[in-house]
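Following: one structure in C-alpha cells, then a few remarks.
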Amino acid sequence: MSIAGPIIKMLREKRDWSQIYLAERLGINNSVLSRIEAGKRDVEDYLLNKAADIFDVTSDYLLGRTNNPSPNNTELNADNDSNVGLAFSDGGEKDLTEEEEEYLKESLVLFRKLKEKRSKK
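For the sequence shown, the residue numbers in the UniProt record's numbering are 1 to 121.
Written as C-alpha cells, this is what we have:
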C-alpha cells in the first residue's frame with residue numbers, strides 16, 4: 001500500500017475540497033480517487049505528478065520520502081516539527097536519523113487524521 005493516498009486525502013481535507021472536486025481536477029472518476037485515498041489502489045505516476053502540482057508539493061512528499069512539502073510551503077510542517085523529538089524521545093541516548101525523523105513525522109500526521117476520523121464516528 002502506498003502512503004500517497006492518505007497524504008492526498010489529508011491535503012484535500014485540509015483545503016476543504018470534496019472528492020468530486022479533486023477527482024475532476026485530476027481528470028479521474030470519483031470512485032478511483034476514493035480507492036486511492038483508502039489505499040486500495042496505487043497512484044499512477046502521472047496522477048502523482050498532477051496531484052503534486054495541484055497541491056503545490058513535491059511528489060517525494062506525497063510518497064512519504066520527505067516531510068517538507070516544498071521549499072515554498074512550510075505551513076503544513078510547522079506543527080509537526082516541534083513535536084517529533086518529544087513524541088519519540090528515547091531520553092537522548094540516540095539521535096534519530098533524518099529518514100527516521102521524516103517517517104515519524106508522517107506517521108504522526110496520519111495518526112492524528114485517523115484519530116480525528118474515529119472520534120467523529
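Even glycine gets a Cβ: it sits at the ideal position worked out from N, Cα and C.
Within a 10 Å sphere around the beta-carbon of residue 97 sit fewer than 16 other beta-carbons, which makes this residue exposed. Residue state for residue 32 is assigned as helix, using DSSP reduced to three classes. Burial is judged here by how many other beta carbons sit within 10 angstroms of a residue's own beta carbon; residue 44 has fewer than 16 and is exposed. In the three-state DSSP reduction, residue 4 falls in the helix class (H, G or I). Rounded to the nearest whole angstrom, the CA to CA distance from residue 30 to residue 12 is 13 Å.
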